[in-house]
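Structure record follows, encoded as structure tokens.
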Amino acid sequence: MYIATSPRLALLPSCKSPDFKMPSHKSFMIKKKLGKKMRQNRPIPHWIRLRTDNTIRYNAKRRHWRRTKLGF
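Start counting the sequence shown at 8; every next residue gets the next number (our numbering).
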């Protein structure tokens, strides 16, 4: 039998608890936020590089799905 030593582990719902929701069950507000973050996560257009004389070269707020989490 495993005893949770960390208080954070004890608060996680198990798969068999009634409070556990599968990831596909999203509220509309969460789905809207995820959609906005998905649209923001893209490279800058090429014409921006041309207009700024290549001073803006990449999107500094680019996010990788595994490294940086959204936090909601």
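Where a beta carbon is used, it is the ideal one built from N, C-alpha and C, also for glycine. Predicted model, so just to flag it, every value in this text is computed and none were measured.
task = Compare the Cα-Cα distances from I55 to each of R46, R73 and Y65 and report the closest residue.
result = For the purposes of this step, residue 55 is taken as the residue at position 48 of the sequence shown. Checked all of R46, R73 and Y65; the closest Cα to I55 is Y65.
message = Could you compute how far the alpha carbon of L77 sits from the alpha carbon of H53?
response = By one-based count along the sequence shown, residue 77 stands at place 70. By one-based count along the sequence shown, residue 53 stands at place 46. Between L77 and H53, the C-alpha separation is close to 27 Å.
query = Is K38 closer than 8 Å to K79 when the C-beta atoms are compared?
reply = Here residue 79 is taken as the residue at index 72 of the sequence shown, counted from 1. Here residue 38 is taken as the residue at index 31 of the sequence shown, counted from 1. Strictly speaking, residue 79 in this sequence is Phe, with Lys absent from that position. No; because the gap between Cβ atoms is not below 8 Å, this pair is not in contact.
message = Among K33, F35 and Q47, whose alpha-carbon lies nearest the alpha-carbon of W72?
response = Locating residue 72 in the sequence shown gives position 65, counting from the first residue. Here the closest residue by C-alpha is Q47.
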